[in-house]
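K.L.:
Residue numbers (the numbering used here), protein chains in the order written: chain C, 610 to 964; chain Y, 610 to 964; chain B, 610 to 964; chain X, 610 to 964. Sharing a structure with you now.
Number of protein chains: 4
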Amino acid sequence: NRPRDLGIRIGVLPVGAANAITDVAGVSVGHTTLQIGDSVRTGVTAILPHGGNIFQEKVPAAVFAGNGFGKLTGSTQIQELGNIETPIILTNTLSVPVAMDALIDHVLAQPGNEHVQSVNAVVGETNDGYLNDIRGRHITKSDVIAAIQHAKGGMLEEGNVGAGTGTVCFGFKGGIGTASRKLPAPLGGYTVGVLVQSNFGGVLQINGVPVGQRLKEYAFSDQLLNNADGSCMIIVATDAPLDSRNLERLAKRAFMGLAKTGGIASNGSGDYVIAFSTATQLRTAHQSQTPTHQVELLTNDQMSPVFMAAIEATEEAIINSLFAAEAMAGKGNRKVESLPLDRVLPWLQAATDPK
Amino acid sequence: NRPRDLGIRIGVLPVGAANAITDVAGVSVGHTTLQIGDSVRTGVTAILPHGGNIFQEKVPAAVFAGNGFGKLTGSTQIQELGNIETPIILTNTLSVPVAMDALIDHVLAQPGNEHVQSVNAVVGETNDGYLNDIRGRHITKSDVIAAIQHAKGGMLEEGNVGAGTGTVCFGFKGGIGTASRKLPAPLGGYTVGVLVQSNFGGVLQINGVPVGQRLKEYAFSDQLLNNADGSCMIIVATDAPLDSRNLERLAKRAFMGLAKTGGIASNGSGDYVIAFSTATQLRTAHQSQTPTHQVELLTNDQMSPVFMAAIEATEEAIINSLFAAEAMAGKGNRKVESLPLDRVLPWLQAATDPK
Amino acid sequence: NRPRDLGIRIGVLPVGAANAITDVAGVSVGHTTLQIGDSVRTGVTAILPHGGNIFQEKVPAAVFAGNGFGKLTGSTQIQELGNIETPIILTNTLSVPVAMDALIDHVLAQPGNEHVQSVNAVVGETNDGYLNDIRGRHITKSDVIAAIQHAKGGMLEEGNVGAGTGTVCFGFKGGIGTASRKLPAPLGGYTVGVLVQSNFGGVLQINGVPVGQRLKEYAFSDQLLNNADGSCMIIVATDAPLDSRNLERLAKRAFMGLAKTGGIASNGSGDYVIAFSTATQLRTAHQSQTPTHQVELLTNDQMSPVFMAAIEATEEAIINSLFAAEAMAGKGNRKVESLPLDRVLPWLQAATDPK
Amino acid sequence: NRPRDLGIRIGVLPVGAANAITDVAGVSVGHTTLQIGDSVRTGVTAILPHGGNIFQEKVPAAVFAGNGFGKLTGSTQIQELGNIETPIILTNTLSVPVAMDALIDHVLAQPGNEHVQSVNAVVGETNDGYLNDIRGRHITKSDVIAAIQHAKGGMLEEGNVGAGTGTVCFGFKGGIGTASRKLPAPLGGYTVGVLVQSNFGGVLQINGVPVGQRLKEYAFSDQLLNNADGSCMIIVATDAPLDSRNLERLAKRAFMGLAKTGGIASNGSGDYVIAFSTATQLRTAHQSQTPTHQVELLTNDQMSPVFMAAIEATEEAIINSLFAAEAMAGKGNRKVESLPLDRVLPWLQAATDPK
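See below:
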């Protein structure tokens, strides 16, 4: 029961087949979910830009730090060289090292990488310590490898899975969400897909409806003085042929999508966007046989619809995460409720214009 | 007839006395408006951080380039030194040089500046060339000086004044808009004021209501294939004691307010935010008598409500500009209509919850 | 009598034919020099990336601010779009506006630009106010246009010409300097050319020889407590096919060349590098006929020799400026001596190994 | 036998008591060195800004990426919040995760940190894979903890210790080096200390003497076509009261010191600077009891001598690392010679002016 299936249409652009980051051909996603006993509520999500050896065929990429209070690894090399060379791993804050280590294991072990001595492991995180025994650091290297190995395309799970297992968003249960847009052919025909790990706060607005206010649950309201901390990792994939400069611009627009949900990028929220292009001709060989590289790039002038797609898909991915996530009890007998759809859905439907 | 007077309440935080950037004590704003003949539709807006000699008493400041396709001057020095030393001038794209020159005149002529040999003139711009004979470059140095001299506090004009005279926003007449927030005492009690020069596009949303879609007028809709270009200059003032690092973070949040109106920061839109603090104890003497400077700064932990205030005030300032701007004819017999309040207002009021 | 003609060989790479920025094919340079009466000692230098309509055929470019205490215009758009669309103008600090205005005149008047309404004028500056009546703002628009019109390739004037007319470097007369490197074919065969406007301080070192110390004239020595302020504009041209990301990296290396002369990038020194590529296939049409652009780019792996060339050429260009500049008297009966070659040259020659 | 003891005086400013980063009061450094069998040549170096609980009393800090081809962790949070909250760990490229994990262990276990759920572990690295079996990932968490626990002030070991055990610099054995400057009282009296992990290439210049050329061993010479890769981590400590903005500026100057040794920041070299201030009054409590923080900051105008100190100390620290490092055999029967002091020292002494 995703919002769009219920008639809630965010934005004006058409969506892709699965309304997921996997609508961008070649992208796959895998999750490892840890729900153990009373207090382990965490996991790992892996996003693979393509199905081959990513280290040997790097993809153009960029990072935008909306609010850099987070532990994302790999960002300076992405910025310097304009590419990523590993799957992207998302997990909890204190498990970043084990995820990096597992990514290095993964890369060193891949056929063709026998002589690799340097790996820029890209790991993002959010803090799930409200529900999860985060100090226990329950993620293992096997959990990370499993997420990579189980990565698949097509329809994706959302909500309390993978790195979204224990997250909280706008005071409700958050989690993994995804969405996509497919531009009409006259606007380029490209697909933009987004996956989020939602764990932040602000004043929730769903498709413009002031849900946070109506529920009297928002940042600095009496009930929840400071529900705004946490983080949001946003992954943007596209098949548009963009270099790192235009991918950085695209990443900035995803942050605008977060803003439309009412997120405020509070002081404690590590809000990062990683954007990459899957265009095959833009991949960089680890050791190029030639000193130059011939590529075909979208011009600056054509970027606006791609920007709009990223904004819309990010907004929808966050809302999707809230719709999918179910109430969860965790550490210290805490419980986080799910978004009360019984109350919210009628509001949203009332505000939705007929097609 | 500002939206708030009509019952449209954007956000959850209380507003300042004038709901204007001038609610931040000491800030003043002046306009020069040029409407001459059929095709001159432009102007100048000056924002003064305080009433003294700004060059001799610099204020902490920062810039965020949401989309750097613009001609803002002074940005690298603001970033390096963390302050501004002139009034901020807004005008049209091709009149940036004359505005800089006038600012230098102004600074060199001020008592106490007799030996000044270097001035970091801060001038922002948007392109009003749809309605204005921008190639004619009609702004003069006197126009700029006049805007500075007429600067005042209190209630401000909005809409077709100053640098907003000829602008277009979401396909309707844009212009100057302003708004403010005053944080409750437990959240610090600080005031955040915003002034915008609105001249951009996207898919207009007013307080969450999909106005652009209902009017069938938005970026990449059939009617207006590419109404998204232009620019938005956003000025954020606060009396919170922030250094340039936290002011840069604050500036980023103003960009989130723009996002909430449906702006997409299209390729051609130069969307910049300049943020400054008016806290007297943070002013830097041009030639310090002492090697160190004692200051009292807000801690990172206290920033979230200030961020929220900037988001809300920016969103409202943009909407205020649309409400205030009246239809205008200009260059080449072009006409830009104002936002059709007769249609829009009932929608907004219907979507507004009772207090 | 350039240093290299006197046997002083800086670095290990071969130089281009003219040992000048104009060794990069298509690049031309023009100067307007103002020496009037007792106190006008200033000028304009124009660098043209190619001989065509630069606005219609933009070149890839990047900026690095080594120390951003300066008034460079156009930097945010260069960073956002990755290109420049005007000649680069250098002049004095307070004449930046008139230079921008003249650049706009120039662009608007060029055939083919009849409908242009937005120009990103790139103007760099240094402060020549020690010798020059900078507050008099003696540069006119005609001076700027003349520098553009007189631009030529081949051998260039150095020293007290153009924007270097009134500058001071390491306590001696500075000015314009230029140099180049031509990589051997196995390293790509590319040419890197540099032009500097030297006006900064530190502890002068020429090809490693501690000239500043021997002359007892350096930053924070007794004689010159604070000779370090000023600025250095550095322009780097190359025919290597680099996009803006690798041009930004290249620009950073030019700053390393400045370091090798003993420059310290003092607080008051606005030290900027602008780097561009002249590779024809990388030019961007103002209005592209196609949504994508096919380009051939040097891979990251091939950058190191290009970096080395930029370091060496920058170091040599600065030293060239000092060798060429003659002693000058100016404002307020001040006089700045030239580098005392009679004393310095024997030191340099003694330190030079036989070939 | 450090260069200075041998009469080689780099720069013009006086040095601190130990000519080491530990001249900055409170800073301590610890090493774990792993030389096992034929092919383990690696280690860990820990730099502690002060002797207390760093997480509870964070110090102002900044990062500058001279060339971001590296795996430094923690950089975005340092930039966002302007501080560091852990010791700084240096190690080899593939051991970054284990070092992060150990840092987290360390922080979680410290008294007072029982409720900490988020740690920004700062780990820098260089690639010692030429001599070291880097793929074997021999560093353990205990090795990292030991480096922290053994940290001390005063005189420091240099050369083949800690994270410098297996590094190569300018084709010779590199390693850990350190140096300091103590400004004269009229210039503020502050101390600047630097520690480097030298592992890069270029055209070696020692105190201006063209050692690389004379030894015919430099980047892109016949012998060593590409000895330029590797990395240089540079840590800058100062007791000057600087906030993160001025620390970032200071970090940039350390990169200038690297340039003076002939380093070229080659494509493959991850050259980063981390700068921090030990000024007690600038420390930030993890959970502040008050919403504002009173601090006393050095003004921009006073920065130039501090900049100069960082340039000089960095240059000398790199040279110190080369003087201290002894020849080493390692993985695959490779051997890296030490700098041939018998040949080099007479050149340096001949070039040194009498005091």
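Every residue gets a Cβ at the ideal spot worked out from N, C-alpha and C, and that includes glycine. For clarity, every value in this text was computed on a predicted model and none was experimentally measured.
Thinking residue 926 of chain Y and residue 728 of chain Y are a contact (beta carbons under 8 Å), I'd like their distance in whole angstroms, please.
P.N.:
Not really, about 28 Å apart at Cβ, beyond 8 Å.
K.L.:
How long is the line joining the alpha carbons of residue 633 of chain C and residue 682 of chain B, rounded to whole angstroms?
P.N.:
39 Å
K.L.:
Ordered along the chain, which non-local residues of its own chain (more than five positions away) have a Cβ less than 8 Å from that of residue 834 of chain B?
P.N.:
Per-residue confidence for residue 834 of chain B stands at a pLDDT of 46, beneath the threshold of 50, marking its modelled position as unreliable; the derived number appears in the next sentence. Hits under 8 Å: none found.
K.L.:
Any idea what DSSP makes of residue 636 of chain B, helix, strand or coil?
P.N.:
Look at residue 636 of chain B here: in three-state DSSP terms it is coil, with no helix or strand label.
K.L.:
Assign residue 620 of chain C to one of three DSSP states: helix, strand, or coil.
P.N.:
coil
K.L.:
In chain Y, what lies closer than 7 Å to residue 900 of chain X by C-beta?
P.N.:
797, 907, 908, 911
K.L.:
What are the residues that DSSP puts in a beta bridge with residue 936 of chain X?
P.N.:
DSSP, once it has assigned bridges, lists no residue as partnering residue 936 of chain X.
K.L.:
If I measure Cβ to Cβ from residue 832 of chain B and keep anything under 7 Å in the same chain, skipping five residues before and after, which residues do I get?
P.N.:
Low confidence applies to residue 832 of chain B: its pLDDT is 45, below 50, so where it sits in the model is not reliable enough to give any reading.
K.L.:
Could you give the first and the last residue of the continuous alpha helix (DSSP H) run that contains residue 685 of chain B?
P.N.:
684 to 690
K.L.:
Under 8 Å Cβ-Cβ, which residues of chain B neighbour residue 616 of chain C?
P.N.:
Under the 8 Å cutoff, chain B gives no residues; its nearest Cβ is about 34 Å from residue 616 of chain C.
K.L.:
With respect to the alpha helix (DSSP H) encompassing residue 592 of chain Y, which residues constitute its N-terminal and C-terminal limits?
P.N.:
Nothing in the structure corresponds to residue 592 of chain Y, since chain Y is present only between 610 and 964.
K.L.:
If we count the other Cβ atoms within 10 Å of its Cβ and call it buried at 16 or more, is residue 899 of chain Y buried or exposed?
P.N.:
exposed
K.L.:
Is it right to say residue 952 of chain B is buried, meaning 16 or more other beta carbons lie within 10 angstroms of its own, or is it exposed?
P.N.:
exposed
K.L.:
Suppose the cutoff is 8 Å on Cβ atoms and the five residues either side in sequence are ignored; what does the same chain contact list for residue 755 of chain X look like?
P.N.:
639, 641, 653
K.L.:
Under 7 Å between the Cβ atoms of residue 785 of chain B and residue 770 of chain B?
P.N.:
For the pair residue 785 of chain B and residue 770 of chain B, the CB atoms are nearer than the 7 Å cut-off.
K.L.:
Just how far apart, CA to CA, sit residue 700 of chain B and residue 880 of chain Y?
P.N.:
28 Å
K.L.:
Determine the DSSP secondary structure at residue 854 of chain C, reduced to helix, strand or coil.
P.N.:
Three-state DSSP puts residue 854 of chain C in a helix.
K.L.:
Please classify residue 969 of chain X: is it buried, with 16 or more other beta-carbons within 10 angstroms of its beta-carbon, or exposed?
P.N.:
Because residue 969 of chain X is not part of the residues shown, which for chain X are 610 to 964, the question remains open.
K.L.:
In chain C, which residues lie with their C-beta within 9 Å of the C-beta of residue 867 of chain B?
P.N.:
Chain C residues near residue 867 of chain B: none, gap ~21 Å exceeds 9 Å.
K.L.:
To test your reading of the DSSP string, which unbroken beta strand (DSSP E) runs of 3 or more residues are found completely within the segment 837 to 915 of chain X?
P.N.:
839 to 847, 878 to 886, 901 to 907
K.L.:
Which residues of chain Y have a Cβ atom closer than 8 Å to the Cβ of residue 822 of chain C, listed in chain order?
P.N.:
621, 962
K.L.:
Would residue 730 of chain B and residue 703 of chain B be called neighbours here (beta carbons separated by less than 7 Å)?
P.N.:
no
K.L.:
How about the segment 794 to 802 of chain Y and the segment 766 to 781 of chain Y: do they share at least three Cβ pairs that are nearer than 8 Å?
P.N.:
The segment 794 to 802 of chain Y, when compared against the segment 766 to 781 of chain Y, does not touch it at the 8 Å Cβ threshold.
K.L.:
DSSP has residue 814 of chain B in a bridge; who is on the other side?
P.N.:
DSSP, once it has assigned bridges, lists no residue as partnering residue 814 of chain B.
K.L.:
Tell me whether residue 945 of chain Y sits in a helix, a strand or coil according to DSSP, three-state version.
P.N.:
strand
K.L.:
Are the C-beta of residue 862 of chain X and some C-beta of chain Y separated by less than 7 Å?
P.N.:
no
K.L.:
Closest to residue 617 of chain X by CA distance: which of X:928, X:659, X:723 is it?
P.N.:
X:928
K.L.:
Could you tell me which of X:741, X:680, X:698 sits nearest to residue 760 of chain X, measuring between CA atoms?
P.N.:
Put simply, of X:741, X:680, X:698 the residue whose alpha carbon is nearest the alpha carbon of residue 760 of chain X is X:698.
K.L.:
Give the range of the beta strand (DSSP E) segment to which residue 806 of chain B is assigned.
P.N.:
Per DSSP, residue 806 of chain B is one residue of the beta strand (DSSP E) stretching across 800 to 808.
K.L.:
Can you check whether the C-beta of residue 903 of chain Y is within less than 7 Å of a C-beta belonging to chain X?
P.N.:
yes
K.L.:
Counting along the chain, where does the alpha helix (DSSP H) carrying residue 712 of chain C start and finish?
P.N.:
That run of the alpha helix (DSSP H) goes 705 to 718.
K.L.:
Put residue 725 of chain X into one of helix, strand or coil per three-state DSSP.
P.N.:
In the structure shown, residue 725 of chain X falls within a coil segment according to DSSP collapsed to helix, strand and coil.
K.L.:
Which same chain residues end up closer than 8 Å to residue 714 of chain C when comparing Cβ atoms and leaving out the 5 residues on each side of it in sequence?
P.N.:
750, 754
K.L.:
Three Cβ pairs or more, each shorter than 8 Å: is that satisfied between the segment 904 to 921 of chain C and the segment 890 to 905 of chain B?
P.N.:
yes
K.L.:
Residue 691 of chain B to residue 878 of chain B, Cα distance in whole Å?
P.N.:
25 Å
K.L.:
Can you find the residues in the same chain that come closer than 7 Å, C-beta to C-beta, to residue 947 of chain C, ignoring five residues on each side of it along the sequence?
P.N.:
781, 782, 934, 935, 936
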